[in-house]
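Down below is the structure, laid out as structure tokens.
There are 2 protein chains.
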Amino acid sequence: MLEIEMKFPTADFVAMQQHLQRMKATALAPIDEADHYFNAPDRDFAKTDEAFRLRSIGANNRVTYKGPRQPGPAKTRTEIEIAIEAGAAAADQWRQMVQHLGYRSTAIVKKRRSIYQFKRDGFDLEACLDEVETLGKFVEIEIVADASQKQQAQEVLMAVAKELGLEKSEPRSYLEMVLAKGAPGSPAQK
Amino acid sequence: MLEIEMKFPTADFVAMQQHLQRMKATALAPIDEADHYFNAPDRDFAKTDEAFRLRSIGANNRVTYKGPRQPGPAKTRTEIEIAIEAGAAAADQWRQMVQHLGYRSTAIVKKRRSIYQFKRDGFDLEACLDEVETLGKFVEIEIVADASQKQQAQEVLMAVAKELGLEKSEPRSYLEMVLAKGAPGSPAQK
Chain A
2 MLEIEMKFPT ADFVAMQQHL QRMKATALAP IDEADHYFNA PDRDFAKTDE
52 AFRLRSIGAN NRVTYKGPRQ PGPAKTRTEI EIAIEAGAAA ADQWRQMVQH
102 LGYRSTAIVK KRRSIYQFKR DGFDLEACLD EVETLGKFVE IEIVADASQK
152 QQAQEVLMAV AKELGLEKSE PRSYLEMVLA KGAPGSPAQK
Chain B
2 MLEIEMKFPT ADFVAMQQHL QRMKATALAP IDEADHYFNA PDRDFAKTDE
52 AFRLRSIGAN NRVTYKGPRQ PGPAKTRTEI EIAIEAGAAA ADQWRQMVQH
102 LGYRSTAIVK KRRSIYQFKR DGFDLEACLD EVETLGKFVE IEIVADASQK
152 QQAQEVLMAV AKELGLEKSE PRSYLEMVLA KGAPGSPAQK
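Taken in sequence, the protein lines are chains A and B.
So for the first sequence, the working numbering puts the first residue at 2; every next one is plus one.
So for the second sequence, the working numbering puts the first residue at 2; every next one is plus one.
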């Protein structure tokens, strides 16, 4: 499966929420996410455009690998996500394990995310209103589609962005923005 | 925590079971384990004496990292084990993820394991009667102890081995034995 997404800086969540309500999107309860990113022992994920992270949402933990972005106006990449044992102790064990394997902690990205789910042209879409620590407010719109539907999914995503009045997408990931800022509290990237 | 263990080839599980019953060990139901081992992209675990594997017991999956063995008559090493999502699909996702990260499949070790649990001198011990595909029958006795109790735990383990009439321990792991045999069905180690 491919994750296709676009991200936009925004100042006004209220207008966005009104737009999404008009589109009959379902609002989920806001969640606090902490993403702990690691870099590889054999290559630099900043250069290969990959990501490997532990995401903790409350007590729930999951591990995500993201492959290099593929060309196109929206962000398209392989994504593999696997739930691991819940709880802070399991998260710590995970960190210890990947560090034994040679992975290095690069940054922790924390955000409060409000997810809105809706359908368009047979696709399932999500809009995430993200308030990101040290970075500010963003809207991320996302489709998960089979690789064979890549082109069509990208077009739907562009149309939805236009409808929501979203302009000037931010191509960088939150991780890249946090590292670019050299945010205090983030371990230095080697 | 340290895992301290010794392994012995054996021809006769029946005599061993009688010994363990006299020691009032609790017998668990036999389980079928499939261990899928991977090698690292940045170093050779056969040389660094580490191991990284996915163990599937029925639908349950867990990931294990084992650090280099420490000196001593019994096998003592760091072990980190984390449960991941259950099911064959999650196991496949895991394999895909570590292969994206650069890990290579080295071998799959399959065994039927009958576990006997007992206590000795305040320690929790396990004896595993293992019937290993292509390798035959082995008894593995094991203590998990805090690093501060390493010496004492090793002495208890040696005493239990003697009591069970176990001699000539096998220092190699099942993985090492399978690779040494070049067992058919195991992917070649690069």
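Virtual Cβ for every residue (Gly too), placed ideally from N, Cα, C.
- Boundaries cannot be given for residue 104 (chain A), as no beta strand (DSSP E) includes it and DSSP labels it neither H nor E.
- Listed along chain B, no residue sits closer than 7 Å to residue 39 (chain A) by beta-carbon distance, the nearest being about 10 Å off.
- An exposed status is given to residue 15 (chain B), since fewer than 16 other beta-carbon atoms sit within 10 Å of its beta-carbon.
- Under the three-state reduction of DSSP, residue 49 (chain B) is assigned to helix.
- Collapsing the DSSP output to three states places residue 131 (chain B) in a strand.
- In the DSSP assignment, residue 24 (chain B) falls outside any alpha helix (DSSP H), carrying neither H nor E.
- Note that the C-beta distance between residue 10 (chain A) and residue 137 (chain A) is below 8 Å.
- With 16 or more neighbouring CB atoms inside 10 Å of its own CB, residue 144 (chain B) falls in the buried class.
- Taking 4 residues as the shortest admissible run, the region 139 to 164 of chain B contains the following complete alpha helix (DSSP H) segments, listed from N- to C-terminal end: 151 to 164.
- Note on geometry: alpha-carbon atoms of residue 129 (chain A) and residue 150 (chain A) lie some 22 Å from one another.
- Assigned with DSSP and collapsed to three states, residue 182 (chain A) falls in helix.
- When the Cα atoms are used, residue 17 (chain A) and residue 81 (chain A) turn out to be separated by approximately 29 Å.
- Cβ contact annotation for residue 68 (chain B) (same chain, cutoff 7 Å, sequence separation greater than five): 51, 78 and 79, in chain order.
- Closest option to residue 87 (chain B), judged by alpha-carbon separation, among B:57, B:20, B:168 and B:127: B:57.
- Taking 8 Å as the cut-off, the beta carbon of residue 39 (chain B) is found no closer than this to the beta carbon of residue 102 (chain A).
- Below the 8 Å Cβ cutoff, chain A contributes 41, 43 and 44 as neighbours of residue 103 (chain B), in chain order.
- Here residue 29 (chain B) is exposed: its Cβ has fewer than 16 other Cβ atoms, across all protein chains shown, within 10 Å.
- By the neighbour-count criterion, in which a residue is buried when 16 or more other Cβ atoms sit within 10 angstroms of its Cβ, residue 22 (chain A) is exposed.
- Per the C-alpha coordinates, the member of A:65, A:100, A:117 and A:121 positioned closest to residue 94 (chain B) is A:65.
- The three-state secondary structure of residue 86 (chain B), taken from DSSP, is coil.
- Here the alpha carbons of residue 33 (chain B) and residue 112 (chain B) stand approximately 6 Å from one another.
- The beta carbon of residue 98 (chain B) sits closer than 8 Å to some beta carbon of chain A.
- For residue 71 (chain B), the closest C-alpha among the options B:8, B:83, B:3 and B:125 is that of B:3.
- Looking at B:141, B:180 and B:160, the one whose alpha-carbon comes closest to that of residue 76 (chain B) is B:141.
- Secondary structure of residue 125 (chain A) (DSSP, three-state): strand.
- Residue-level contact by beta carbon fails for residue 123 (chain A) and chain B, as no gap is shorter than 8 Å.
- Remark: C-beta atoms of residue 160 (chain A) and residue 5 (chain A) do not approach each other more closely than 8 Å.
- Residue pairing by DSSP places residue 36 (chain A) opposite A:56 and A:110 in a beta bridge.
- Taking a Cβ-Cβ threshold of 9 Å, the residues of chain B close to residue 94 (chain A) are 81, 82 and 83, in chain order.
- The beta-carbon separation of residue 119 (chain B) and residue 8 (chain B), rounded to 18 Å, does not stay under the 8 Å limit for a contact.
- The Cβ atoms of residue 121 (chain A) and residue 157 (chain A) lie closer than 8 Å to each other.
- Neighbours of residue 4 (chain A) in chain B, taken as residues whose beta carbon is under 9 Å from its own, are absent, since the nearest beta carbon is some 14 Å off.
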